[in-house]
Each structure stands twice: as structure tokens, then as C-alpha cells.
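Participant: In the numbering used here, the protein residues as written are 17 to 493.
I'd like to ask some things about the structure below.
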């Protein structure tokens, strides 16, 4: 076996006689899952169906209990290693392990022969859920006092994914239905009458395939085109204009970009506070916990936000009045009569958020939303729809990125930016919410966009694109 073709994952043990070492072939995308238990190594394999591998060594002297592994299991996992318990022969110890196995809906996969060469016991095996695993012992000569195990299961990624080989230039949007910023991009697809491919993500991380492609970027939505990943709606809309120039332009008016920035920054955070203040006791605890990390400047408890509801509503209404005033002259769209712009769909998506989440309170809280001209404008934008979408899986989108090389950003003139040089290691970090850093090597930048390249032997090269506004860029030394 060529060890240079593998990535090693190691977890120290509690004594000098045993640790855990896992070797994963480099062409299999894998990420380490944080686990502080000694002799327990947890790895997520980004196969066609994400699969969790938990490798263990459980000596008699172990200080952790089986129940401490419960949170490491999921609906598709393999726990494999030296359990130091023969389920059939070890009486009470075997019964305790079986009780935990049943509580986690796991299935023991045990070889036909004993695995310990010092006794006639079978103490090396696997536990699985959601996986058809077969296992057997290696019966040839070994230097160990245990027989090596050979486990086999089939990954659907080995099967051909029909229709994806020619999708390197297609638009792929990672989103979920309730995301207001994803609604902005969906409406942009509708304005341009575009065909696009839809990957539905979890509302709460992790999102294994997407995280691997972007380097850990936290926010939704993300646009993928081949092996290029575009982050943040402000850049995604500019990218749609560049890639699909034969459809209506979002930014024909120079005021569009700063107006979009004003509206998103002025309204979104206040709407989060209002939602928690009104409905915080009904929102899922895991969502509240996640959003607390996402936006630490907000306290995600009903009690802390409920008392400030009048002030929050006042702040939102001040900006709503400006928006309504833009339509007072009877214009069809916010920046004129000819066609909607990026500002129309930017204003729309947060009003859509209000209607979805505060329907019962809208009339009392936001009387501006009942103004006839604003109502007509809102309905006019709503009819744009979402274009034509086709559902694909995150695994299919991942394979598309894996099969192609990222594009060269020739549309960016690097001569205008002398701060960084090609190949320099940089970090990009959102400066408001979802502050998860992404690292890579510098490819290109202009006043609007910066491109980092991330390289990994299991997937190749990926370009990750960010807007300049709203993101901090620092050198990694």
C-alpha cells in the first residue's frame, strides 16, 4: 500500500499500548469531526451519500462510556474497531453494549471467526446504520495479536450520474426554501428567465459537500458554476449579469449597488430581532442556538427582544417610508419604468420575509405595506417568479466540481490592485454575520470581487469568489 496516496487521521489513546490511526485514500473527500474522546477518531466521508466513520479502540481501562458515542452517530455511519467485548460471551458487559447498540438503532456486523489471537473471542467488529456492510477476518500471517478485518460496502458514487458531465457552465444554487437571501437570488433567476439547478441544503450547518467546496463559508445562498463557487448575494447577482448578459441587466443604473447595500444592512438585522421577539418561544432551539453563533451581536431569546419590539418596528418603518416615497410619482419600478433592477428584488426579498413571518402583525406594525402603490409594486415583482429550476443533489453538484477545472477570471484586471500577488495565502472573513474564515491562495481581485483558489488532492482546484464590500481580507503569514 502506498501511504503517500493516503491522508492519515490520528487520535491519541489513554495508555502507551494503543492509539487510533485511520488512512483514507486521497481521492476520497474526507473531513475530521471534532471529538475529544481518547482512542476515538471520527471522519466524515463525502461520498454520494455522506458517510460517517468512527474508528475506536476500547481497552479495559477506557474512561468513557458507550453512551458518549451516541452523539457521534447519524443515519449513515460505521463504528468499527476493537470493542474489547465479545457480545455473545461476555455476559453483563456484552448485555450493556447491546443495550446501547439497540438504543442507537445500530446493527452489529460481526465476522464469522474469532478476532483475538490470544483467546477464542470476537472483539473486533462493526456497528452500522443505513449501510449494507459485509465484514470478514484476514486469515493470513499478521504481526498483531488481532486478526485484521476487511469490511466492504458500496458507494452509489461509483455509479454513473446521468446528465451531469456537460454541466460545467450551468447555474447551480445552494439554498433552502425559507432563506430570505436565497429568495433574492431565486427572484433574480426569474427576472432573467433563467434555467438553473437547485441543491436544497440544511437550514443549519453542517453542509458537508458545500463546506468542502467553499472552504467552510457559512452563509446561504451559494452559486456554483463548474468548479467556481460564488458567495454572497451582492456578488451572485453581478455574476449572473456577467454570465448571462443576453438577459435584462441588474445594474444598468449606477445607484443600484449602493441602494441594495443600504436596504439589506438597514433591515435584515432588525427583522431578525423582531422575529425572535415575537416568536422566539416557538422557534426550534437548535435554530436559535445556531443563529446565536451566526449573529452574536443579537441575543436570540424572546425575553431580550420582546421589550424592544416598539423600537425595532420604528426603525424598520423609517426605512419603509423611504422605499414607499420612491414610488410616489407612479413609477412601475423603484428606479424607473423600463424594467426592474437588482434593487427591486433586493427590496422585495425582505418584504417577502415580513409577509411570511409576520402576517398577523403586518397591518398594525407596518402600515406602509398597505399603501396601494407599494402593494402594486410588490405584486408586480412577485410575478417574476423563480425561473425554471431542476433539482439535483449535493453529491451530483460536488461531482460536477470534481470533474472540471475552475475558470480563469480574465474579466478581472489585476493591475488595478497591487496589495496582493498571485499565489499569496489569504484569508477572507465576513465582517458582519456568519464570520467563518475561508483560506486560499490569491488569484485575482478588483474593486468588486476577490478570488481565492483552494486545492485538495481529493477534488482538485476550486475557485471561491467573494465581494470586496462586507468582507475583510488578511494575509496568512
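Backbone N, C-alpha and C fix where the C-beta goes; we use that ideal spot for every residue, glycine too.
With 16 as the cutoff for other CB atoms within 10 Å, does residue 300 come out buried or exposed?
Facilitator: Locating residue 300 in the chain shown gives position 284, where the first residue counts as 1. Per the 10 Å Cβ criterion, exposed.
Participant: What residue range is occupied by the uninterrupted alpha helix (DSSP H) comprising residue 289?
Facilitator: Counting from 1 along the chain shown, the entry for residue 289 is found at position 273. Counting along the chain, the alpha helix (DSSP H) containing residue 289 begins and ends at 272-295.
Participant: Got a sec? Which residues, its chain only, sit under 6 Å from residue 444 by beta carbon, not counting five neighbours each side?
Facilitator: As a position in the chain shown, residue 444 is number 428, starting the count at 1. Closer than 6 Å at the Cβ level, and outside the excluded window around residue 444, lie 454, 482, 487, 489.
Participant: Does DSSP put residue 404 in a helix, in a strand, or in coil?
Facilitator: Translated into positions along the chain shown, residue 404 becomes position 388. Correct three-state label for residue 404: strand.
Participant: What would DSSP say about residue 212, mapped onto helix, strand or coil?
Facilitator: In the chain shown, the residue the question calls residue 212 occupies position 196. It is a strand residue.
Participant: If you drop the 5 nearest sequence neighbours on each side, which residues of the same chain put their C-beta closer than 6 Å to that of residue 459?
Facilitator: Along the chain shown, one-based indexing puts residue 459 at 443. Hits under 6 Å: 467, 469.
Participant: Hey, could you find the ends of the beta strand (DSSP E) residue 191 is sitting in?
Facilitator: As a position in the chain shown, residue 191 is number 175, starting the count at 1. Residues 188-191.
Participant: Locate the alpha helix (DSSP H) running through residue 228, then write down its first and last residues.
Facilitator: Stepping through the chain shown from its first residue, residue 228 is reached at position 212. It spans 224-230 - the alpha helix (DSSP H) in which residue 228 sits, taken as one unbroken run.
Participant: Anyone know if the C-beta pair for residue 420 and residue 231 falls short of 7 Å?
Facilitator: Counted from its first residue, the chain shown places residue 420 at position 404. Counted from its first residue, the chain shown places residue 231 at position 215. No, the pair does not count as a contact, with Cβ atoms beyond the cut-off.
Participant: Taking residue 31 as part of the beta strand (DSSP E), name the residues at either end of that continuous run.
Facilitator: Indexing the chain shown from 1 puts residue 31 at position 15. It spans 22-31 - the beta strand (DSSP E) in which residue 31 sits, taken as one unbroken run.
Participant: From residue 88 to residue 34, what does the alpha carbon distance come to, in whole angstroms?
Facilitator: Taking the first residue of the chain shown as 1, we reach residue 88 at position 72. Taking the first residue of the chain shown as 1, we reach residue 34 at position 18. Rounded to the nearest angstrom, the two C-alpha atoms are 21 Å apart.
Participant: Which of the three DSSP states is assigned to residue 183 in this structure?
Facilitator: Position 167 of the chain shown holds residue 183. Residue state, collapsed to three classes: coil.
Participant: Does the distance from the C-beta atom of residue 471 to that of residue 42 stay below 7 Å?
Facilitator: Within the chain shown, numbered from 1, the residue matching residue 471 stands at position 455. Within the chain shown, numbered from 1, the residue matching residue 42 stands at position 26. No. Outside cutoff.
Participant: Can the beta-carbon of residue 263 be found closer than 7 Å to that of residue 208?
Facilitator: Here residue 263 refers to the residue found at position 247 of the chain shown. Here residue 208 refers to the residue found at position 192 of the chain shown. For residue 263 and residue 208, yes; Cβs fall inside 7 Å.
Participant: When the Cβ atoms of the segment 216-227 are set against those of the segment 294-310, are three or more pairs found closer than 8 Å?
Facilitator: Judged by Cβ distances under 8 Å, the segment 216-227 makes contact with the segment 294-310, as three or more pairs qualify.
Participant: Between the C-alpha atoms of residue 90 and residue 71, what's the straight-line distance to the nearest angstrom?
Facilitator: Counted from its first residue, the chain shown places residue 90 at position 74. Counted from its first residue, the chain shown places residue 71 at position 55. Their backbone Cα atoms lie some 14 Å apart in a straight line.
Participant: Flag this pair as yes or no: are the beta carbons of residue 26 and residue 39 separated by less than 7 Å?
Facilitator: As a first step, residue 26 is located in the chain shown; it is residue number 10 there, counting from the start. As a first step, residue 39 is located in the chain shown; it is residue number 23 there, counting from the start. No, these two residues do not count as a Cβ contact at 7 Å.
Participant: Could you check whether the segment 131-140 touches the segment 110-119, counting it as contact only if at least three pairs of C-beta atoms, one from each stretch, sit closer than 8 Å?
Facilitator: No, because fewer than three Cβ pairs between the segment 131-140 and the segment 110-119 fall closer than 8 Å, the two stretches do not touch.
Participant: Taking the beta carbon of residue 360 as the centre, do at least 16 other beta carbons fall within 10 Å, making it buried, or is it exposed?
Facilitator: The residue labelled residue 360 in the question sits at position 344 within the chain shown. By the 10 Å Cβ count, residue 360 comes out buried.
Participant: Hey, residue 213 and residue 406: beta-carbon distance below 7 Å or not?
Facilitator: Residue mapping note: residue 213 aligns to position 197 of the chain shown, counting from 1. Residue mapping note: residue 406 aligns to position 390 of the chain shown, counting from 1. A contact, by the Cβ cut-off of 7 Å.
Participant: Just to confirm the assignment, what range does the beta strand (DSSP E) spanning residue 253 have?
Facilitator: Reading the chain shown from its first residue, position 237 is the one you call residue 253. Counting along the chain, residue 253 falls outside any beta strand (DSSP E), though it belongs to the alpha helix (DSSP H) covering 249-259.
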